[in-house]
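From first to last, the protein sequence lines are chains A and B.
Letter by letter, the first sequence follows residues 7 to 444 of the working numbering.
Letter by letter, the second sequence follows residues 7 to 444 of the working numbering.
Note that the Cβ used here is the ideal one computed from N, Cα and C, for glycine as well.
There are 2 protein chains.
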Amino acid sequence: MRFNIPDSTKPRLVIIGAGFAGFTLARKLKGKKFQIVLLDKNNFHQFQPLFYQVAMSGLEPSSICFPLRKNFQSEQDFYVRVAEVTRVLPDQKRIESSIGILKYDYLVFAMGAQTNYYGNSKFEQFSIPLKSVSEALYLRNAILDDLEQAVMSQESVEQEELMNIVIVGGGPTGVELAGALSELKRHILPKDYPDLNANKMNIHLVQSSNRLLDGMSEKASAVAQKNLTEMGVLLHLSTYVTDMSFNAVVLSNGVQLKARKIIWAAGVKAAAIPGLPEICYDKSGKIKVNNKAEVMGLEHIFAIGDVCMMTNGNDEKGLPGLAPVALQQADYLAKNLLKPDAGKFQKGFRYRDKGAMATIGRSKAVLDFHGLFLSGLPAWLAWLLVHIYYLIGVRNKVIVFINWVWSYIFYDQALRLNIRPKLPRTMDHFKFEENTTQ
Amino acid sequence: MRFNIPDSTKPRLVIIGAGFAGFTLARKLKGKKFQIVLLDKNNFHQFQPLFYQVAMSGLEPSSICFPLRKNFQSEQDFYVRVAEVTRVLPDQKRIESSIGILKYDYLVFAMGAQTNYYGNSKFEQFSIPLKSVSEALYLRNAILDDLEQAVMSQESVEQEELMNIVIVGGGPTGVELAGALSELKRHILPKDYPDLNANKMNIHLVQSSNRLLDGMSEKASAVAQKNLTEMGVLLHLSTYVTDMSFNAVVLSNGVQLKARKIIWAAGVKAAAIPGLPEICYDKSGKIKVNNKAEVMGLEHIFAIGDVCMMTNGNDEKGLPGLAPVALQQADYLAKNLLKPDAGKFQKGFRYRDKGAMATIGRSKAVLDFHGLFLSGLPAWLAWLLVHIYYLIGVRNKVIVFINWVWSYIFYDQALRLNIRPKLPRTMDHFKFEENTTQ
Numbered sequence: 007m008r009f010n011i012p013d014s015t016k017p018r019l020v021i022i023g024a025g026f027a028g029f030t031l032a033r034k035l036k037g038k039k040f041q042i043v044l045l046d047k048n049n050f051h052q053f054q055p056l057f058y059q060v061a062m063s064g065l066e067p068s069s070i071c072f073p074l075r076k077n078f079q080s081e082q083d084f085y086v087r088v089a090e091v092t093r094v095l096p097d098q099k100r101i102e103s104s105i106g107i108l109k110y111d112y113l114v115f116a117m118g119a120q121t122n123y124y125g126n127s128k129f130e131q132f133s134i135p136l137k138s139v140s141e142a143l144y145l146r147n148a149i150l151d152d153l154e155q156a157v158m159s160q161e162s163v164e165q166e167e168l169m170n171i172v173i174v175g176g177g178p179t180g181v182e183l184a185g186a187l188s189e190l191k192r193h194i195l196p197k198d199y200p201d202l203n204a205n206k207m208n209i210h211l212v213q214s215s216n217r218l219l220d221g222m223s224e225k226a227s228a229v230a231q232k233n234l235t236e237m238g239v240l241l242h243l244s245t246y247v248t249d250m251s252f253n254a255v256v257l258s259n260g261v262q263l264k265a266r267k268i269i270w271a272a273g274v275k276a277a278a279i280p281g282l283p284e285i286c287y288d289k290s291g292k293i294k295v296n297n298k299a300e301v302m303g304l305e306h307i308f309a310i311g312d313v314c315m316m317t318n319g320n321d322e323k324g325l326p327g328l329a330p331v332a333l334q335q336a337d338y339l340a341k342n343l344l345k346p347d348a349g350k351f352q353k354g355f356r357y358r359d360k361g362a363m364a365t366i367g368r369s370k371a372v373l374d375f376h377g378l379f380l381s382g383l384p385a386w387l388a389w390l391l392v393h394i395y396y397l398i399g400v401r402n403k404v405i406v407f408i409n410w411v412w413s414y415i416f417y418d419q420a421l422r423l424n425i426r427p428k429l430p431r432t433m434d435h436f437k438f439e440e441n442t443t444q
Numbered sequence: 007m008r009f010n011i012p013d014s015t016k017p018r019l020v021i022i023g024a025g026f027a028g029f030t031l032a033r034k035l036k037g038k039k040f041q042i043v044l045l046d047k048n049n050f051h052q053f054q055p056l057f058y059q060v061a062m063s064g065l066e067p068s069s070i071c072f073p074l075r076k077n078f079q080s081e082q083d084f085y086v087r088v089a090e091v092t093r094v095l096p097d098q099k100r101i102e103s104s105i106g107i108l109k110y111d112y113l114v115f116a117m118g119a120q121t122n123y124y125g126n127s128k129f130e131q132f133s134i135p136l137k138s139v140s141e142a143l144y145l146r147n148a149i150l151d152d153l154e155q156a157v158m159s160q161e162s163v164e165q166e167e168l169m170n171i172v173i174v175g176g177g178p179t180g181v182e183l184a185g186a187l188s189e190l191k192r193h194i195l196p197k198d199y200p201d202l203n204a205n206k207m208n209i210h211l212v213q214s215s216n217r218l219l220d221g222m223s224e225k226a227s228a229v230a231q232k233n234l235t236e237m238g239v240l241l242h243l244s245t246y247v248t249d250m251s252f253n254a255v256v257l258s259n260g261v262q263l264k265a266r267k268i269i270w271a272a273g274v275k276a277a278a279i280p281g282l283p284e285i286c287y288d289k290s291g292k293i294k295v296n297n298k299a300e301v302m303g304l305e306h307i308f309a310i311g312d313v314c315m316m317t318n319g320n321d322e323k324g325l326p327g328l329a330p331v332a333l334q335q336a337d338y339l340a341k342n343l344l345k346p347d348a349g350k351f352q353k354g355f356r357y358r359d360k361g362a363m364a365t366i367g368r369s370k371a372v373l374d375f376h377g378l379f380l381s382g383l384p385a386w387l388a389w390l391l392v393h394i395y396y397l398i399g400v401r402n403k404v405i406v407f408i409n410w411v412w413s414y415i416f417y418d419q420a421l422r423l424n425i426r427p428k429l430p431r432t433m434d435h436f437k438f439e440e441n442t443t444q
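Printed below as a string of structure tokens:
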């Protein structure tokens with residue numbers, strides 16, 4: 007297999023990753039002065055902020071994903087390829103990938119972040135991450151499988167284990183998951199599984215720092231903690247996980263929590279690709295860039311979004327791994343690349359703080375915006391609007407909106423379906439055999 | 007694991023299968039004089055007539071599936087279990103299953119049909135069936151994968167193989183698939199895959215009898231053949247498949263067709279369960295019943311839908327394997343079981359012919375109804391209405407309607423997403439290890 011991309015009179019710009027950063031950049035640059043090659047592991051863009059709703063049977067994957075080819079239909083000199091990039095060779099201006107080697111003139115890293123288990127293989131082995139729509143679907147199926155098993159179990163210890171869920175990490179993902187699980191427990195479980203005692207289901211939320219949502223204001227943390235506690239979520243603050251098995255976690259205070267599903271939302275690291283000089287990566291694996299998104303010391307190589315560590319002068323902490331940062335960086339880079347002197351920008355990137363928000367449950371959310379704090383229904387409505395606004399595709403917006411109205415009216419997440427694409431037998435073994443009929 | 011179903015003062019009626027027949031029967035009998043146990047391999051009812059639209063990226067699985075537990079929420083003495091029944095022990099009035107053994111007072115077989123490869127292991131090995139929503143999703147992913155591969159192939163022979171599709175079987179499923187694929191080829195491919203030559207994609211439809219839709223009128227066949235030919239589908243009538251490999255089929259006339267995707271829509275057989283006396287099964291594996299849906303010679307055992315062979319007196323051919331037959335049989339059986347003398351019915355089942363229809367493409371369909379024949383737009387609109395009417399769930403009806411309107415306006419099937427539920431590593435190996443944390 008090869009890239010099979012024809013030469014062009016335009017310089018070739020390769021974008022690795024079609025998340026918020028890469029997808030936005032591609033949209034802004036298409037049809038202009040570059041030949042664009044957009045690479046992603048999947049044939050679609052995925053909208054990360056709503057993964058948890060897919061896991062909770064509230065939305066279909068297709069409602070928060072958008073086919074890349076459809077978005078860039080009929081573009082001239084634009085090439086979408088499903089590929090995993092394995093190495094960069096900056097000296098040769100080439101990348102190595104699962105589908106071959108490709109030369110570039112300009113290269114943009116936008117691979118985003120991946121789950122960080124901090125080197126602990128048990129955490130990786132026994133917990134479920136939530137950094138892709140495929141993982142979200144896996145979690146949905148696991149929840150449904152375990153509930154069916156719980157129905158049939160006659161040991162109450164096993165039954166509780168099957169129903170319990172431990173969420174590790176009290177950031178927005180952890181909080182949103184905990185809230186949604188609580189609603190599942192209170193509104194769906196008693197009706198769908200009358201043979202189970204819903205009260206036996208424990209939802210644990212483990213947070214290493216002393217407050218939830220510690221990237222947001224203290225008010226936001228306080229409201230989130232109050233709401234979740236009222237909703238029956240068991241909070242474990244200033245606590246971290248020290249050990250894990252298929253059916254339990256051990257906390258730093260010695261407490262053991264029993265659960266068959268342990269969700270890992272406790273951290274991310276850069277999804278960087280090897281091949282750059284070592285000094286280009288920071289200790290968390292991010293690609294260091296200056297405030298013009300240029301990778302230090304390399305010509306025509308850029309990094310934007312969660313994969314980059316952009317230090318505006320002395321601020322060594324870098325910008326947070328948020329969608330608005332990725333979107334604004336993509337916007338900035340596109341504008342500058344389109345200037346006649348592409349690659350020699352004058353003005354550095356400045357992040358315009360868009361605030362932060364998290365939803366907790368029905369009519370419950372928290373929102374920080376430049377010192378302003380909102381909670382309850384107003385924050386929740388703002389959350390809904392912002393997410394519909396940023397979703398890609400009119401059809402997706404319509405479908406998500408209908409789903410949300412439906413859930414709101416009927417207290418129901420309608421998609422409790424355990425579906426896996428499969429055949430009665432696996433065909434893949436045979437697919438590449440040299441077994442042609444003569 | 008066990009069934010874990012409490013005893014009841016009511017007699018226990020076990021329904022195996024939640025397709026049209028079993029699902030309808032359960033809905034009619036719920037909350038009445040039986041304790042009901044509804045068993046299915048999946049936790050949802052699936053709407054078979056629209057599988058092909060899932061495969062063609064036109065509809066989401068969730069739009070044509072309905073969670074069983076949601077439908078029977080809060081019912082008294084009603085038990086849904088996800089289980090595969092492996093054997094019946096009529097002497098003991100028990101069934102054996104993947105989740106244990108269960109006693110019944112009344113037993114209804116409604117497992118439907120499964121793909122029939124007529125004993126040819128190559129056909130089973132190399133073709134893709136379309137008898138479940140999981141198989142439909144598999145086909146969707148296979149089509150998308152192969153198109154991505156075709157883009158990267160530089161050998162035109164391989165490229166054509168990857169694009170080509172052979173459909174074996176010219177009944178409604180085959181015709182509907184062929185029509186939908188032709189629309190994909192003409193409306194989507196040129197836009198989504200500008201680097202591919204859409205004209206190189208060949209859609210073959212192989213039919214053993216001398217006309218398509220041979221269960222319908224000759225007029226219907228003629229229109230379907232005319233429409234599909236105009237739409238570029240290559241018809242092979244009076245032809246059957248004699249050999250198959252991963253990338254080709256050989257036809258009875260010696261012609262070899264090259265294709266990486268071979269879809270098997272050439273026949274079904276009963277999905278019967280062993281354990282009944284041999285005389286209860288006919289030679290195609292169906293369960294023989296009298297016109298009261300009673301399995302010959304066995305008390306309180308019934309069979310309805312595609313799994314049964316009901317002979318009304320001398321008509322040895324039996325009723326066709328159609329949704330209306332299953333629905334009417336379920337209705338009949340429910341009414342009779344609810345009578346005081348359940349099991350001793352007076353009146354036999356009579357099938358009221360609801361006609362037959364098949365859609366071919368945009369504004370193109372054929373419809374037979376008691377000698378009346380419709381085609382074109384009127385038949386197509388009737389097809390849409392009937393399918394929305396029979397779909398389970400208001401939400402599903404709304405979502406499918408929106409999808410269809412959308413596709414009609416924009417000439418687009420929006421869901422070209424290659425999504426699989428998965429984790430970066432497989433967790434299942436670990437799940438059942440005795441590896442608890444102490």
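Q. By Cβ distance, which residues of its chain are closer than 8 Å to residue 326 of chain B, with the 5 residues on each side in sequence left out?
A. For the purposes of this step, residue 326 of chain B is identified with residue 320 of the second sequence, where counting begins at 1. Within the same chain, residue 326 of chain B has close Cβ partners 221.
**Q.** Chain-ordered chain B contacts of residue 143 of chain A [CB-CB under 9 Å]
**A.** In the first sequence, residue 143 of chain A corresponds to position 137, counting from 1. What residue 143 of chain A touches in chain B: 425, 426, 427 and 428.
Q) Is it true that the CB of residue 427 of chain A sits closer than 8 Å to the CB of residue 147 of chain B? A) Translated into positions along the second sequence, residue 147 of chain B becomes position 141. Translated into positions along the first sequence, residue 427 of chain A becomes position 421. Yes. Within cutoff.
Q. Any idea which residues DSSP pairs residue 381 of chain A with across the strands?
A. Indexing the first sequence from 1 puts residue 381 of chain A at position 375. Answer by DSSP bridge pairing, in chain order: A:372.
Q. What is the DSSP secondary structure of residue 134 of chain A, counted as helix, strand or coil?
A. As a first step, residue 134 of chain A must be located in the first sequence, where it is residue number 128. If DSSP states are grouped into helix, strand and coil, residue 134 of chain A belongs with the strands.
Q: Would you please state the rounded distance, in angstroms, between the beta carbons of residue 306 of chain A and residue 112 of chain A? I believe it to be under 8 Å.
A: Within the first sequence, numbered from 1, the residue matching residue 306 of chain A stands at position 300. Within the first sequence, numbered from 1, the residue matching residue 112 of chain A stands at position 106. About 5 Å separates the two Cβ atoms, so the contact holds.
Q) What is the rounded straight-line gap between the Cα of residue 185 of chain B and the Cα of residue 213 of chain B? A) Position 179 of the second sequence holds residue 185 of chain B. Position 207 of the second sequence holds residue 213 of chain B. So the alpha carbons of these two residues sit roughly 15 Å apart.
Q. By the criterion of Cβ-Cβ separation under 7 Å, what are the contact partners of residue 412 of chain A in chain B?
A. Along the first sequence, read from residue 1 onward, the residue named residue 412 of chain A stands at position 406. Simply 401.
Q: Specify, as a first and last residue, the run of the alpha helix (DSSP H) that residue 196 of chain A falls within.
A: On the first sequence, position 190 is the one that residue 196 of chain A refers to. Per DSSP, residue 196 of chain A belongs to the alpha helix (DSSP H) from 195-198.
Q) Below 8 Å between beta carbons: does that hold for residue 195 of chain A and residue 204 of chain A? A) Start at 1 with the first residue of the first sequence, and residue 195 of chain A comes out as number 189. Start at 1 with the first residue of the first sequence, and residue 204 of chain A comes out as number 198. For residue 195 of chain A and residue 204 of chain A, yes; Cβs fall inside 8 Å.
Q) Nearest chain B C-beta to residue 297 of chain A closer than 8 Å, yes or no? A) Position 291 of the first sequence, counting from 1, holds the residue named residue 297 of chain A. No, no contact with chain B.
Q.
I need the boundaries of the beta strand (DSSP E) containing residue 179 of chain A, first residue and last residue.
A. Indexing the first sequence from 1 puts residue 179 of chain A at position 173. Element bounds for residue 179 of chain A: not the beta strand (DSSP E) but the alpha helix (DSSP H), 178-189.
Q: Anything in chain B within Cβ reach of residue 199 of chain A, meaning under 8 Å, just list it in chain order.
A: Position 193 of the first sequence, counted from the start, is the residue given in the question as residue 199 of chain A. Result: 75.
Q.
Assess contact between the segment 45-52 of chain A and the segment 31-47 of chain B, defined as three or more Cβ pairs (one per stretch) separated by less than 8 Å. Is contact present?
A. no
Q. So which residues of chain B does residue 67 of chain A contact, with C-beta pairs closer than 8 Å?
A. Counted from its first residue, the first sequence places residue 67 of chain A at position 61. Simply 423 and 425.
Q. Roughly how many angstroms lie between the CA atoms of residue 328 of chain B and residue 28 of chain B, to the nearest whole one?
A. The residue given as residue 328 of chain B occupies position 322 in the second sequence. The residue given as residue 28 of chain B occupies position 22 in the second sequence. Distance between the alpha carbons of residue 328 of chain B and residue 28 of chain B: 14 Å.
Q | Whole-angstrom distance between residue 121 of chain B and residue 136 of chain B, CA atom to CA atom | A | Looking up residue 136 of chain B in the second sequence gives position 130. Looking up residue 121 of chain B in the second sequence gives position 115. Each residue's alpha carbon lies about 8 Å from the other.
Q) Under a Cβ-count criterion, where at least 16 other Cβ atoms within 10 Å of its own Cβ denotes burial, should residue 285 of chain B be classed as buried or exposed? A) Start at 1 with the first residue of the second sequence, and residue 285 of chain B comes out as number 279. Looking at its Cβ environment, which holds fewer than 16 other Cβ atoms inside 10 Å, residue 285 of chain B is exposed.
Q | Member of A:59, A:82 and A:50 whose CA lies at the smallest distance from the CA of residue 18 of chain A | A | If you number the first sequence from 1, residue 18 of chain A lands on position 12. Comparing Cα positions, the closest option is A:82.
(Q) Let me confirm a value: residue 374 of chain B is counted as buried when at least 16 other C-beta atoms fall within 10 Å, else exposed. Which label applies? (A) By one-based count along the second sequence, residue 374 of chain B stands at place 368. Its Cβ being crowded by 16 or more others within 10 Å, residue 374 of chain B is buried.
Q. Can you find a C-beta in chain A that's less than 8 Å from the C-beta of residue 154 of chain B?
A. Counting from 1 along the second sequence, the entry for residue 154 of chain B is found at position 148. Answer yes: the Cβ-Cβ gap between residue 154 of chain B and chain A drops below 8 Å somewhere.
Q. Given a threshold of 16 other Cβ atoms within 10 Å of its Cβ, counted over all protein chains shown, does residue 352 of chain B qualify as buried or as exposed?
A. Numbered from its first residue, the second sequence carries residue 352 of chain B at position 346. It counts as exposed.
Q: Say whether chain B places a C-beta atom closer than 8 Å to the C-beta of residue 247 of chain A.
A: The residue given as residue 247 of chain A occupies position 241 in the first sequence. No, no contact with chain B.
Q | chain A residues whose Cβ lies nearer than 7 Å to that of residue 79 of chain B | A | Translated into positions along the second sequence, residue 79 of chain B becomes position 73. Neighbours of residue 79 of chain B on chain A, chain order: 197 and 198.
Q | For residue 21 of chain A, the nearest candidate out of A:110, A:385 and A:331 (CA to CA) | A | Position 15 of the first sequence, counted from the start, is the residue given in the question as residue 21 of chain A. It is A:110 whose Cα lies nearest to the Cα of residue 21 of chain A.
**Q.** Contact check, residue 219 of chain B vs residue 178 of chain B, beta carbons under 8 Å
**A.** What you label residue 219 of chain B is simply residue 213 of the second sequence in a count that begins at 1. What you label residue 178 of chain B is simply residue 172 of the second sequence in a count that begins at 1. In contact: residue 219 of chain B and residue 178 of chain B (Cβ atoms closer than 8 Å).
Q. So, using beta-carbon positions, are residue 258 of chain B and residue 215 of chain B closer together than 8 Å?
A. If you number the second sequence from 1, residue 258 of chain B lands on position 252. If you number the second sequence from 1, residue 215 of chain B lands on position 209. No.
(Q) Any beta carbon of chain A sitting closer than 8 Å to that of residue 8 of chain B? (A) Against the second sequence, residue 8 of chain B aligns to sequence position 2. Yes, contact with chain A.
Q: Identify the contact partners of residue 150 of chain B in chain A, using a Cβ-Cβ distance below 8 Å as the criterion.
A: If you number the second sequence from 1, residue 150 of chain B lands on position 144. By Cβ distance, chain A contributes 49.
Q: Taking only the alpha-carbon atoms, compute the straight-line gap between residue 354 of chain A and residue 332 of chain A and give it to the nearest angstrom.
A: Your numbering for residue 354 of chain A matches position 348 in the first sequence. Your numbering for residue 332 of chain A matches position 326 in the first sequence. The alpha-carbon atoms of residue 354 of chain A and residue 332 of chain A are separated by roughly 15 Å.
Q: Please list, in chain order, all residues of the same chain as residue 59 of chain B whose beta carbon is under 6 Å from its beta carbon, the five residues on each side excluded.
A: For the purposes of this step, residue 59 of chain B is taken as residue 53 along the second sequence, with counting starting at 1. Closer than 6 Å at Cβ, skipping near neighbours: 65.
Q) Do you know offhand how far residue 365 of chain B's Cα is from residue 217 of chain B's? A) By 1-based counting over the second sequence, the position of residue 365 of chain B is 359. By 1-based counting over the second sequence, the position of residue 217 of chain B is 211. Each residue's alpha carbon lies about 16 Å from the other.
(Q) Could you tell me the alpha carbon to alpha carbon distance between residue 433 of chain B and residue 347 of chain A, rounded to whole angstroms? (A) Numbered from its first residue, the second sequence carries residue 433 of chain B at position 427. Numbered from its first residue, the first sequence carries residue 347 of chain A at position 341. Because residue 433 of chain B carries a pLDDT of 39, less than 50, the predicted location of this residue cannot be relied on, and the following value inherits that uncertainty. In a straight line, the C-alpha of residue 433 of chain B is about 50 Å away from that of residue 347 of chain A.
(Q) If distances are taken between C-alpha atoms only, which option among B:334, B:292, B:168 and B:380 comes closest to residue 254 of chain B? (A) Within the second sequence, numbered from 1, the residue matching residue 254 of chain B stands at position 248. Selected option, being the one with the closest Cα: B:168.
Q. Residue 246 of chain A lies in the alpha helix (DSSP H); which residues open and close that run?
A. Translated into the one-based positions of the first sequence, residue 246 of chain A becomes position 240. No alpha helix (DSSP H) contains residue 246 of chain A, which DSSP labels as neither H nor E.
(Q) By the three-class DSSP mapping on this structure, what secondary structure does residue 9 of chain A have? (A) If you number the first sequence from 1, residue 9 of chain A lands on position 3. Residue 9 of chain A falls in the coil class under three-state DSSP.
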